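Chemist: Chains as they are written, first to last, in this note's numbering: chain W, 1 to 751; chain E, 1 to 751.
All C-beta atoms, glycine included, are put in the ideal place defined by N, C-alpha and C.
Note that the structure is a prediction, hence the values are computed from the model and not measured.
Dropping a structure here in structure tokens format, bear with me for questions.
2 protein chains.
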Amino acid sequence: MSERKYRWIGTRAIRPDGLEKVTGRANYGADMAMPGMLHGAVLRSPHAHARIVSIDTRKAEKLPGVKAVITAKDLPDLPKELTGGVEGHVNLRELSHNCLARDKVLYHGHALAAVAATTLEIARAATRLIEVKYEVLPPVLDIEQAIAPGAVILDESRRTAMMRGNLPDGPTNIASRLEFARGDLAKGFAAADVVVEREFRTPMVHQGYIEPHACTARVGQDGQVTLWCCTQGGFLVRELVATLLGIDGAKVKVIPSEIGGGFGGKTTIYLEPLAVALARKANRPVKMVMTREEVFRATGPTSGSLMKAKIGARRDGTLVAADVNIWMEAGAFPGSPASAAAMCALTPYRIPNFRIDAYDVVVNKPKVAAYRAPGAPMGAFAVETVLDDLAKELRIDPIELRLRNAVQEGDTTPVGATLGPIGFRETLEAARKHPHYSAPLGPNQGRGVASGYWFNAGMQSSANVLLHPDGTAVVATGNPDIGGTRAAMALIVAEELGLPYERVRSVVLDTDSVGFTDLTGGSRTAVITGHAAQLAARQVVDQLRERAAGIWGIDPDEVRWEDGRAIATNGSSDLEPLTIDELAAKAGHTGGPITGRGSLYGVSAPTVGTHICDVEVDPETGVPRLLRYTVVQDAGKAIHPSYVEGQMQGGAVQGIGWALNEEYVYDAKGVMENPGFLDYRMPVASDLPMIDTVIVEVPNPHNPYGARGAGEIPIVPPLATVANAVSNATGVRFTELPLSPPRILERLGDR
Amino acid sequence: MSERKYRWIGTRAIRPDGLEKVTGRANYGADMAMPGMLHGAVLRSPHAHARIVSIDTRKAEKLPGVKAVITAKDLPDLPKELTGGVEGHVNLRELSHNCLARDKVLYHGHALAAVAATTLEIARAATRLIEVKYEVLPPVLDIEQAIAPGAVILDESRRTAMMRGNLPDGPTNIASRLEFARGDLAKGFAAADVVVEREFRTPMVHQGYIEPHACTARVGQDGQVTLWCCTQGGFLVRELVATLLGIDGAKVKVIPSEIGGGFGGKTTIYLEPLAVALARKANRPVKMVMTREEVFRATGPTSGSLMKAKIGARRDGTLVAADVNIWMEAGAFPGSPASAAAMCALTPYRIPNFRIDAYDVVVNKPKVAAYRAPGAPMGAFAVETVLDDLAKELRIDPIELRLRNAVQEGDTTPVGATLGPIGFRETLEAARKHPHYSAPLGPNQGRGVASGYWFNAGMQSSANVLLHPDGTAVVATGNPDIGGTRAAMALIVAEELGLPYERVRSVVLDTDSVGFTDLTGGSRTAVITGHAAQLAARQVVDQLRERAAGIWGIDPDEVRWEDGRAIATNGSSDLEPLTIDELAAKAGHTGGPITGRGSLYGVSAPTVGTHICDVEVDPETGVPRLLRYTVVQDAGKAIHPSYVEGQMQGGAVQGIGWALNEEYVYDAKGVMENPGFLDYRMPVASDLPMIDTVIVEVPNPHNPYGARGAGEIPIVPPLATVANAVSNATGVRFTELPLSPPRILERLGDR
């Protein structure tokens with residue numbers, strides 16, 4: 001595989017959607033408009049925790065311009081155990097209750113009712129006329145509160161689901177517990193020469209996508225639903241909306257718009273079922289767009305976490321035991337990424353004795369959603385900072401310590417899987433020999449290094465490849481293009497067909513127009529959907545060989561496809577190669593149009609990264625300034641290196657923001673105090689150095705080009721990398737994020 | 001084939017697009033709007049024939065609000081022999097010159113220049129500021145003028161292309177001549193007991209679609225073209241626009257809107273390249289919509305014709321010789337359907353000695369376009385009225401005369417093909433035994449009968465079938481739905497998969513989203529594209545069988561698909577059938593999404609019809625009133641009988657209008673005097689009786705269900721049927737259309 005010479009794979013072609021996006025012409029979720037369209041607004045809970053006694057919508061309905069008002073009563077009451085969504089993991093009744101609260105409101109901002117009116121102003125005014133009687137309850141705002149004996153319980157019917165391990169029965173806020181273990185923990189720690197144990201806290205942080213959630217719904221008089229929305233998965237939205245509204249999927253078409261960032265946060269639904277229900281009730285199209293405040297208050301951040309990590313090593317650096325406990329805030333309904341954190345935190349290392357416990361805990365905050373390698377950054381923050389302290393105590397270079405324990409192909413992961421080829425040692429070696437790692441540091445400066453592991457997703461993808469009679473081709477998939485995947489698809493099809501990249505159109509289609517495809521997420525699109533595109537292109541090539549064989553009167557097996565030409569291999573020197581242009585033009589009279597389909601359930605392949613970071617901490621103010629940052633990552637094979645590098649840089653920056661600045665600040669009543677980009681501080685260009693990137697390529701054997709998911713892993717190491725750098729700059733170990741100036745300054749005083 | 005029992009094929013399911021269309025919600029060509037959109041207007045020639053000396057657009061460009069002005073100079077000057085379009089039969093240079101006149105204007109209304117401006121009013125005002133200097137030439141307005149020695153010549157470089165036969169060389173208005181002959185004409189006529197010879201004339205008539213041509217074009221700054229338009233073929237428009245503008249097809253996407261009728265008239269382009277050229281120049285989207293007057297003056301009617309037919313028969317009714325000459329007006333550029341008329345006129349009958357000559361003649365009128373079975377109605381008008389007169393002279397019932405000479409499977413057509421199964425005798429028998437044929441007639445009433453033949457088109461089609469995890473399916477094709485083909489596709493896929501019809505979505509996609517597909521026309525869509533849909537559905541069924549076999553651990557050959565279920569045929573009684581819902585839900589974990597593709601170059605299969613008509617002619621006013629009309633037609637197998645019947649009724653009505661009322665009226669300067677529906681008289685509901693229909697089904701062996709094209713044949717017999725009825729009501733043979741009251745009254749006076 002690594003021997004294959006590519007003409008297009010691995011080149012830095014211009015992305016097909018680039019110009020439209022940079023010139024502001026591309027259509028995003030809020031850009032749809034149509035005649036007669038109404039505007040929707042949502043009434044949201046002013047309480048973090050309350051029982052809904054009554055909702056009276058009559059005054060709102062009477063406001064001139066109001067065409068429809070809905071509450072949870074307009075949606076079917078779904079059975080308790082009904083699941084669906086990605087791999088069937090979503091509880092649909094809870095999803096419905098998150099979209100419109102039914103009996104209780106569970107967080108400040110929880111949607112209760114929605115209005116469609118002729119103007120947005122009228123719709124908003126109408127929401128204020130809806131009269132809700134609440135029985136206000138005390139809010140549960142953090143993990144300690146939630147799991148304490150006698151805690152206020154969000155849902156009295158909830159019992160802990162134990163995936164492994166066990167917990168006492170009874171009403172609880174612990175939705176589930178997962179345990180992985182191997183060996184003998186006590187013996188392991190007994191054999192350790194050094195043990196480091198720490199407790200960590202990370203706050204809820206938001207994905208911070210530029211584009212707020214937006215959708216427009218239209219319902220025909222025959223019940224046909226058309227829904228435009230910004231989403232990471234049109235097919236997912238189709239299924240969820242149909243189920244939540246009790247509509248046959250045959251009547252629902254979802255058209256994904258361009259998407260202004262998702263990072264996992266657009267893998268669920270919020271406004272979509274409301275817009276459809278309003279459109280159905282009003283018999284008019286309805287558009288709904290969130291404000292930034294609504295995005296913060298009521299869409300999925302990732303979990304706040306509480307973690308305890310204890311790791312023991314022998315004097316030579318051999319890790320012998322690890323005990324990790326992870327609690328994560330799921331928000332109002334279960335579904336934190338605690339289990340994913342547990343599946344990743346220790347996986348890069350060979351540790352004979354370990355236990356990882358992961359707890360999914362509900363609290364009165366917004367229901368979390370996926371955020372780039374969900375859970376893994378927190379787990380890595382704990383494990384990789386403990387490793388850093390172990391390295392210090394052992395006086396072993398931190399990269400060397402990791403190398404001595406790094407997993408390789410054939411090792412068994414904590415979940416019991418056998419690792420395939422994985423480039424962990426290769427990223428560590430590349431980081432160690434990078435000039436950054438040996439560059440001199442000045443006073444108050446520190447260098448941090450940390451690694452991370454992410455399993456990536458596989459799942460289902462489909463693709464079509466069409467060959468036009470003029471010799472141009474189209475590759476069509478169902479994955480909204482977030483990170484340049486249109487370009488990746490075009491490169492793959494150009495490579496397989498032997499066409500110039502510019503002659504391959506790459507398009508994203510709606511749920512009526514291409515086969516079922518799981519969402520754009522899990523770092524799966526270029527890899528798995530790219531594989532589907534390759535399969536579809538191969539079908540086209542097979543047909544081109546057959547057509548050439550038919551023209552020549554030879555067997556298709558005697559035709560080779562090379563550089564966009566059919567070449568006879570039967571030794572007939574009089575058979576001039578037939579080009580793709582010639583064969584495309586003749587397709588009509590050699591059997592008809594040439595198209596190919598590809599689909600698969602993709603096998604996931606994990607990946608790893610190692611980051612290096614230099615910071616300088618101002619001893620007067622506690623301000624940490626990022627001086628230099630390098631991302632080393634195994635991409636398997638970079639289909640389009642520029643967009644892999646973009647993912648590496650973007651993921652690192654999000655992790656840096658999480659490490660240094662970002663956090664949800666709640667008051668005692670459970671009201672978020674910083675629901676806007678002025679107060680919720682994300683890194684901007686002036687906060688950052690250029691992020692250097694080094695792509696390592698250890699091929700993924702499951703992908704025709706060796707590609708591995710590249711989008712999520714870069715957010716895994718930064719929390720620990722930055723924390724290790726700050727620790728080295730200050731001599732103080734910080735275990736709570738963000739590393740904001742007041743927090744640093746306070747601990748500098750301790751020093 | 002005829003043995004197969006169908007659950008869905010042949011039922012009268014509700015069409016998926018019906019409700020949206022009847023409630024006015026469906027989007028047609030003019031319904032697209034977008035921000036920043038400009039409106040286009042066209043400057044058209046006030047002369048029927050003139051040399052363009054100069055065009056000065058400067059004043060127009062200076063008018064505030066004008067953003068772009070184009071003339072033929074903005075389009076590439078294409079090579080003289082460049083062809084393309086349907087089966088490569090379109091001269092693209094001439095098409096370009098028809099879209100924008102380059103050296104000469106060749107008809108009143110010929111487009112010369114186009115303007116895009118911020119409002120339609122400004123655009124129109126700007127066209128009036130364009131200064132054109134003409135050298136006016138005498139117009140050539142009919143066939144006699146055009147072919148007379150010393151005629152004014154439209155194009156001095158034109159020489160007659162002789163497909164068969166020969167003509168003297170030199171500049172001419174006869175663009176081509178085609179001859180079919182067999183046997184010995186002189187001997188044939190010598191053997192005849194009766195010979196009838198007549199000369200016929202039919203006027204230019206328009207397809208009269210409700211929706212005027214309309215399109216909206218958008219050109220990105222990277223040159224990507226998106227074009228929305230009402231058309232019978234998005235892929236055709238894509239190719240033609242790309243070629244006429246010199247743009248790589250890879251940059252052009254055509255999105256067909258719903259279409260408000262085409263009847264062949266929307267199988268070419270007019271505004272489309274202008275809108276794209278304007279949008280490119282103005283860097284803004286441009287919308288262009290024709291007025292009804294523009295539709296009449298400058299879009300394709302079908303040809304006016306001059307025909308001579310001489311047929312001889314023996315006393316027993318055996319036809320022995322036929323000599324037919326057909327001249328047709330092509331309009332400004334070659335391309336009349338004279339050759340198609342020649343391919344059909346004598347085909348229903350066994351005639352041992354014949355000759356048919358067909359001439360394509362250019363005149364200073366709009367370039368003709370296809371109109372439902374192009375040419376065949378005129379040919380049938382000549383032949384079928386001569387047969388009627390022969391029947392009278394021979395005192396043989398006209399249906400009996402036809403039956404004695406009717407072709408059957410195995411006969412050779414005039415073009416030399418061997419007929420497959422064909423239901424001509426069956427339609428004649430069905431007509432003869434229909435109660436209509438023996439119903440009594442009153443005074444001044446007459447009954448006419450006539451038949452017709454149409455070869456139908458085959459050509460290329462593609463289809464995709466997608467199976468969603470929820471067990472619903474989508475069938476996607478590239479044929480704009482004119483006559484209910486969405487319903488036909490859904491019926492086919494429901495039949496093959498064993499799904500309820502309501503669970504199959506049927507969609508029409510753009511040129512990026514489905515494989516190449518020739519236009520909706522030639523009565524090919526339900527038959528050929530339906531065949532592609534069947535092939536795609538069969539691929540889905542094959543995969544369903546494979547998945548079931550995999551689940552059961554048996555061979556796919558041991559799995560039968562029946563009624564939407566996989567059934568094990570290996571005798572294992574413990575294997576419960578797996579339903580399509582179950583298999584769809586499991587698809588993810590049995591190999592991934594299930595989709596199918598189908599494509600083919602379809603073989604055409606001809607069809608026939610026999611019509612019966614009763615008229616009463618008012619002897620005072622000459623007004624012919626239609627009393628009763630019955631259409632008998634071989635549909636092979638009616639996929640959706642209601643829509644076949646709709647085609648039969650609609651085709652008959654168009655033929656009736658052509659027979660009785662419709663005609664282009666020109667003044668001596670070549671200006672059409674009746675370019676509107678008030679003066680161009682099409683039949684309305686109150687002019688017509690209910691049209692009875694009888695579907696005969698003689699299966700087409702090339703189609704999986706036996707279906708034959710049904711959309712065009714019904715317009716073939718009516719001209720002759722009505723003329724025969726009027727002849728029988730009045731005792732006068734009319735050979736010139738329309739049979740308008742003044743024309744009838746005049747001849748009644750002769751009587």
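Check the Cβ-Cβ distances between Glu582(E) and every residue of chain W, and say whether any is below 8 Å.
Modeler: No, because no Cβ of chain W sits closer than 8 Å to the Cβ of Glu582(E).
Chemist: Grouping DSSP H, G and I as helix and E and B as strand, with all else coil, what is Leu271(W)?
Modeler: If DSSP states are grouped into helix, strand and coil, Leu271(W) belongs with coil.
Chemist: Rounding to the nearest angstrom, what Cα-Cα distance links Tyr501(W) and Ala720(E) in this structure?
Modeler: Computed Cα separation, rounded: 57 Å.
Chemist: Which residues does DSSP list as the beta-bridge partners of Lys287(E)?
Modeler: DSSP output for Lys287(E) lists His39(E) and Thr216(E) as bridge partner(s).
Chemist: Between Tyr6(E) and Gly530(E), what straight-line distance do the alpha-carbon atoms span, to the nearest angstrom?
Modeler: Cα to Cα, the separation comes out at about 15 Å.
Chemist: Rounded to the nearest angstrom, what separates Thr172(E) and Arg124(E) at their Cα positions?
Modeler: So the two alpha carbons sit approximately 37 Å from each other.
Chemist: Decide if the stretch 610-617 of chain E is in contact with the stretch 494-509 of chain E; the criterion is three or more beta carbon pairs, one per stretch, under 8 Å apart.
Modeler: No: fewer than three Cβ pairs fall under 8 Å.
Chemist: Got a sec: which bits of the stretch 204-222 of chain E sit with their beta carbon under 7 Å from any beta carbon on chain W, in order along the chain?
Modeler: Cβ contacts with chain W come from Gly220, Gln221 and Asp222.
Chemist: Suppose only complete runs of 3+ residues qualify. What are the beta strand (DSSP E) ranges in the stretch 502-579 of chain W, listed by chain order?
Modeler: Those beta strand (DSSP E) runs which fall completely within the stretch 502-579 of chain W and span 3+ residues are 504-508, 559-562 and 565-568.
Chemist: Compute the distance between the beta-carbons of Arg597(W) and Arg597(E), then report whether it is under 8 Å.
Modeler: Yes; because the gap between Cβ atoms is below 8 Å, this pair is in contact.
Chemist: Flag Ala370(E) as yes when its Cβ comes closer than 7 Å to any non-hydrogen atom of the ligand PLP, and as no otherwise.
Modeler: Of ligands this structure carries none, so the ligand PLP is not represented either.
Chemist: Name, please, each residue of chain E whose Cβ falls closer than 7 Å to the Cβ of Gln460(W).
Modeler: Near Gln460(W) (Cβ distances below 7 Å), the residues of chain E are Gly588, Gly592 and Pro593.
Chemist: Measuring alpha carbon to alpha carbon, tell me which residue in Glu576(W), Gly40(W) and Met204(W) is nearest Glu121(W).
Modeler: Answer by Cα proximity: Gly40(W).
Chemist: Specify the secondary structure class of Leu600(W) as computed by DSSP and reduced to three states.
Modeler: Three-state DSSP puts Leu600(W) in a strand.
Chemist: So, using beta-carbon positions, are Tyr601(W) and Met459(W) closer together than 8 Å?
Modeler: Yes.
Chemist: Closest by CA to Ile269(W), which one among Gly261(W), Ala723(W), Gly233(W) and Phe263(W)?
Modeler: Taking only the C-alpha atoms, the option nearest Ile269(W) is Gly233(W).
Chemist: Where DSSP assigns a beta bridge to Glu329(E), which residues make up the other side?
Modeler: Answer is Val361(E), bridged to Glu329(E).
Chemist: Going along the chain, which residues of the stretch 603-621 of chain W sit with their C-beta nearer than 9 Å to a C-beta in chain E?
Modeler: Correct list: empty, as no residue qualifies.
Chemist: Residues bridged to Glu616(E) by DSSP?
Modeler: Beta-bridge pairing links Glu616(E) to Gln445(E) and Arg625(E).
Chemist: Quick one: is Ala439(W) buried, meaning 16 or more other Cβ sit within 10 Å of its Cβ, or exposed?
Modeler: Classification of Ala439(W): exposed, given that the 10 Å Cβ count is below 16.
Chemist: Have a look at Thr71(W), Gly109(W), Ala729(W) and Gln649(W) and flag the residue whose alpha-carbon is nearest the alpha-carbon of Gly446(W).
Modeler: For the residues Thr71(W), Gly109(W), Ala729(W) and Gln649(W), the minimum Cα distance to Gly446(W) belongs to Ala729(W).
Chemist: Given this structure, state the Cα-to-Cα distance separating Lys104(E) from His49(E), to the nearest angstrom.
Modeler: Their backbone Cα atoms lie some 7 Å apart in a straight line.
Chemist: Note down, in chain order, every chain W residue with its Cβ under 9 Å from the Cβ of Arg503(E).
Modeler: Result: Asp248, Gly249 and Ala250.
Chemist: What residues in the stretch 688-708 of chain W have a beta carbon less than 7 Å from any beta carbon of chain E?
Modeler: Cβ contacts with chain E: none found.
Chemist: Using a C-beta cutoff of 8 Å, does Ser303(E) count as contacting chain W?
Modeler: It does not: the Cβ of Ser303(E) has no partner Cβ on chain W nearer than 8 Å.
Chemist: Measuring alpha carbon to alpha carbon, tell me which of Tyr134(W), Pro79(W), Val42(W) and Leu129(W) ends up nearest Cys99(W).
Modeler: If we check each option's Cα against that of Cys99(W), Val42(W) comes out closest.
Chemist: Among Lys21(W), Ser157(W), Arg201(W) and Leu428(W), whose alpha-carbon lies nearest the alpha-carbon of Asp142(W)?
Modeler: The option with the nearest alpha carbon to Asp142(W) is Arg201(W).
Chemist: What distance in whole Å lies between the Cβ atoms of Val493(W) and Val475(W), which are believed to be in contact at a cut-off of 8 Å?
Modeler: The Cβ separation is near 4 Å, so the contact holds.
Chemist: Leu745(E) to Val665(E), Cα distance in whole Å?
Modeler: If you take the alpha carbons of Leu745(E) and Val665(E), they lie about 19 Å apart.
Chemist: With which residues is Glu429(W) paired in a DSSP beta bridge?
Modeler: Paired residues: none, contrary to the question.
Chemist: Counting contacts by CB-CB distance shorter than 8 Å, is Ser686(E) in contact with chain W?
Modeler: With 8 Å as the cut-off, Ser686(E) does not count as an interface residue toward chain W.
Chemist: Taking 8 Å as the threshold (C-beta atoms), are Arg547(W) and Lys586(W) in contact?
Modeler: Going by C-beta atoms, Lys586(W) is nearer than 8 Å to Arg547(W).
Chemist: So, is Val254(E) buried or exposed, given that buried needs 16 or more other C-beta atoms within 10 angstroms?
Modeler: The residue is buried, with at least 16 neighbouring Cβ atoms inside 10 Å.
Chemist: Taking the C-alpha atoms as reference points, what is the distance between Thr412(E) and Ser462(W)?
Modeler: Taking the straight line from one Cα to the other gives about 48 Å.
Chemist: Report the rounded CA-to-CA distance for Asp750(E) versus Phe734(E), giving the unit in angstroms.
Modeler: Asp750(E) and Phe734(E): Cα-Cα distance of roughly 12 Å.
Chemist: Less than 8 Å between the C-beta atoms of Ser599(W) and Gly515(W), yes or no?
Modeler: Yes; because the gap between Cβ atoms is below 8 Å, this pair is in contact.
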